[in-house]
Structure formats: C-alpha cells, structure tokens
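Below is one structure, written out as structure tokens; comments come after it.
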Amino acid sequence: MDPEPRSSKQHPRAEQDQDPLLSLSKPAGWAVTAVTAQAELISATVLSLSHPFLSIFFQSRAAPSRFARASSTALRRVALGLISATYAVACLLILTAFAFLLGVFLVRLWVEDPVLLRRPLHLDYTQPQPDAVASIGRSPARGRAIPSGHTVTVSLRLVMPDSGFNRHVGIFQVSTDALSSTGRVLASSSRPCMLTFRSFPVRLMRTFAMAFPLLVGLRAETQQLGFEALRYGEGASKTEAIRVRVMPRAGTMDLPQIYEVEILLRTRLPRGKEVVYNWKWTFYLWVSMNMYVLLLILLFCCFRPLGIRRNSSRVNSDEFADSLGRWRRERTEQPWSEIGEGSASNVAGDVSGESTEDDGQPEASESSECVPA
28 MDPEPRSSKQ HPRAEQDQDP LLSLSKPAGW AVTAVTAQAE LISATVLSLS
78 HPFLSIFFQS RAAPSRFARA SSTALRRVAL GLISATYAVA CLLILTAFAF
128 LLGVFLVRLW VEDPVLLRRP LHLDYTQPQP DAVASIGRSP ARGRAIPSGH
178 TVTVSLRLVM PDSGFNRHVG IFQVSTDALS STGRVLASSS RPCMLTFRSF
228 PVRLMRTFAM AFPLLVGLRA ETQQLGFEAL RYGEGASKTE AIRVRVMPRA
278 GTMDLPQIYE VEILLRTRLP RGKEVVYNWK WTFYLWVSMN MYVLLLILLF
328 CCFRPLGIRR NSSRVNSDEF ADSLGRWRRE RTEQPWSEIG EGSASNVAGD
378 VSGESTEDDG QPEASESSEC VPA
C-alpha cells in the first residue's frame, strides 16, 4: 500500500517563524533589535577610541625596559630644557634690570632737574623794618643748590587777617633780596602790597553768608596775598639765601599784621637742558636699550669660547657615536655576508665538480667502447 503523499503546504506558524518581517513586526523584536544596535555602536565607538591607548599600554607592557628608558630620556630632556630656559630668562632679566639702572644713572648725570624749594619765614618785629632770611643750602651732588644758568623765580605768600587795622594801614612795601655766601646782594626787587578792598555792605553780606562756617571754624577771616617777588638769572656767584623785608609806606610807621609768610623758589632750566628734561623718559628708554645691547654683546663675546668648546665636544661625541654605530652595523652584517659568500662558493664548487665528473664519464664510456674486448 503506497504511503499517502505529503502535503506541500507547511504549517502557518512555521511560515511566520521563518519570515523576518513578521518577526520584526512584533514589539519585542523591534525593542531587541534597537538595544542590540545601540550596544554594538557603543562598543565599536569605545574600542575605536581606546585602541591607541591600549596599544601603547600593551607595547609598554611588552617592552617595559625600552619604554621606561625612552620615557626617562624624554623626561630628562624636558627637565634640562626647562632648566636651561629658566636660566636664560633669569640671566636676561638680570641683564635688563642692570641695563635700565645703568641707563638711568647715565642720563641722570647728564640731565639737570629744576630746583623747587618751599620755606616758611618768620619776620622779626623787633626791628623797625621786620625781615626774615631763608637759607637755600647746598646740594651734595652738585655742590650748590642752584646750578649756574638757571632762571630763578621767587614767589611770596602772605596770610593776613582781614582786620580793620590792616585796612587802615593800606599799602606797605615788600622787598626781596638774593644774597651770596659773603652777604653780597646778587639781585633785589621791591613791590607794594595791600589787602583786597571790600566795602562795608559787601563785608556784611559775606559775613552773613559765611556765618556758619566761620562759627564752626571751617573758614577764617583772613586774606592771602600771593605774588612773584623776584626773578633773576643764576650766574657764577651762587645764591646762599633769600631775604624778605617788610617796610611801611612813606610818612607812616604802621606795619601790617601778618599771620605767616611762605617763600617758594623755582628755577627754570636753559633751553637745551629743558628739552632734555622734558624728554628724559625717552632718553631713559633709549639709553637703557643701548646699554642692554652693549651688555648682551659683551656677554656673548665673553662666553663665546665656552660655547664653542661645548659645541665642539658635542660634535666629537656625535661623531664617535656615529662611528660606533656604523662599526656595530658592519659587525652584524659581516657574518651573514661571509656565510652567503661561502655558501655561494660551495654551490659553485659542487656544480663545477659535477660538470667535470659528467664530462669525464662519457669519455670513459667512449674509451671503453672503443677498446676491443
């Protein structure tokens, strides 16, 4: 009895298992595929990024001595480079500071500064004409307080009470003299002075407006007189002191009431020296730069033999290292070349021997064949 023919149709569940589209249509299949794709992408990225570092690590583990030697050599070179750079920078900074100080010193020797002197004066009212003398003194560097050729300007500042007596005195005379070391008058000037006039209504309104500051003590009932008393040129004879004298006007003996007197002495440089003084910072810079270049050249000239000797020793050591490496390479290559040449000669000898033997054998056979038995 023949078996029944099998049906060509398969079970519908088997067809669904074999069809990938049907498997992906399920929610679980999509989730698994997405997770696996992300995991593969992350693992591939991590491996590609870590491959150089892992290769270096495994190479260092494979050859630790070589890696350590190379690392120590590199670190030694970096340390020596940093030390050399620090030493060079320190030397250049010291050289720059020294050049700047030297430039400033040289310019200060050449440039003169104007003289500015401020002195309080105390008038001697025991005399009919009160006077006061302000000593200028001497400069330790130049030997004289006011250098020759300077133009001297003497200004006075008088602080006087705004009193009725001073308004009654009115005009008085102030004379100023420049004295030498021997007491000789080098220059003299005299000019009249008086308080600023204010009428009674103006003074009354001013007092009413300034009542609170006056009562508190922030303001005082005073007037200040400032004026230029003397101007002259300093010559060969040096000025030692300035004398100020107060004199009453003609026909009266009344002297003004004065709180304090202050003298201000200023000098002006000659034209050429004034230009140099106004541009002194430029001269400081240029002279310092020139000194720096000069000191740098001297430094290179002084230390050049040491540098050449060091370079020559370095060249000699490099030549010795190159020759030693060449000799080692020749020694390592020589045995292989000798072995190759020996083997080649042996092969050639064997071939020649075989050829001679082959050549001899036919001749022997021929001779054997020719000889009758």
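Heads up: the sequence shown is residues 28 to 400, going by the numbering used here.
Ideal Cβ positions, reconstructed from N, Cα and C, are used throughout, including at glycine.
Please report the distance separating the alpha-carbon of residue i from that of residue j.
| i | j | result |
| --- | --- | --- |
| D140 | A101 | 58 Å |
| Y152 | T266 | 25 Å |
| I285 | Q250 | 10 Å |
| P297 | P219 | 30 Å |
| I335 | L133 | Note that I335 has pLDDT 44, beneath the 50 cutoff, so the model's placement of it is unreliable and the number below is only indicative. Their backbone Cα atoms lie some 34 Å apart in a straight line. |
| G191 | V229 | 15 Å |
| L148 | I121 | 48 Å |
| M221 | P155 | 19 Å |
| Y401 | V105 | Nothing can be reported for residue 401, as the shown portion of the chain is limited to 28 through 400. |
| T123 | R184 | 47 Å |
| P275 | V302 | 44 Å |
| S340 | M316 | Its pLDDT being 49, under 50, S340 is placed unreliably in this model, and the coordinates cannot settle the point. |
| L321 | A214 | 48 Å |
| R272 | D204 | 9 Å |
| D158 | L242 | 34 Å |
| V179 | T209 | 19 Å |
| A277 | L144 | 33 Å |
| F199 | Y311 | 49 Å |
Please classify residue i as buried or exposed, where buried requires at least 16 neighbouring CB atoms within 10 angstroms.
| i | result |
| --- | --- |
| R177 | Reading the sequence as shown, one finds His at residue 177 and not Arg. Flag for H177 reads buried. |
| P174 | buried |
| Y416 | With the chain represented from 28 up to 400, any question about residue 416 goes unanswered, as that position is not in the structure. |
| G130 | buried |
| T234 | exposed |
| S217 | exposed |
| A256 | buried |
| T294 | buried |
| F227 | exposed |
| I110 | exposed |
| E67 | exposed |
If you run the structure through DSSP and keep just helix, strand and coil, what is residue i?
| i | result |
| --- | --- |
| V243 | helix |
| T180 | strand |
| M274 | strand |
| R295 | strand |
| G253 | strand |
| M232 | helix |
| M187 | strand |
| L143 | strand |
| S207 | coil |
| R165 | coil |
| Y319 | helix |
Between residue i and residue j, which are expected to be in contact by the criterion C-beta below 8 Å, what is the C-beta distance as a whole number of angstroms?
| i | j | result |
| --- | --- | --- |
| R146 | I290 | 5 Å |
| L292 | V160 | About 13 Å separates the two Cβ atoms, so there is no contact after all. |
| Y304 | V138 | 6 Å |
What residues in its chain sit with their C-beta under 6 Å from that of residue i, if we drop five residues either side in the sequence?
| i | result |
| --- | --- |
| V116 | none |
| M237 | R246 |
| G253 | R184 |
Give every residue of the same chain whose Cβ lies closer than 8 Å to the Cβ of residue i, excluding the five residues on either side of it in the sequence, and list them in chain order.
| i | result |
| --- | --- |
| V212 | D204, A205, L206 |
Grab me the residues of residue i's own chain with a C-beta within less than 7 Å of its C-beta, minus the 5 sequence neighbours each way, in chain order.
| i | result |
| --- | --- |
| D281 | V196, P275 |
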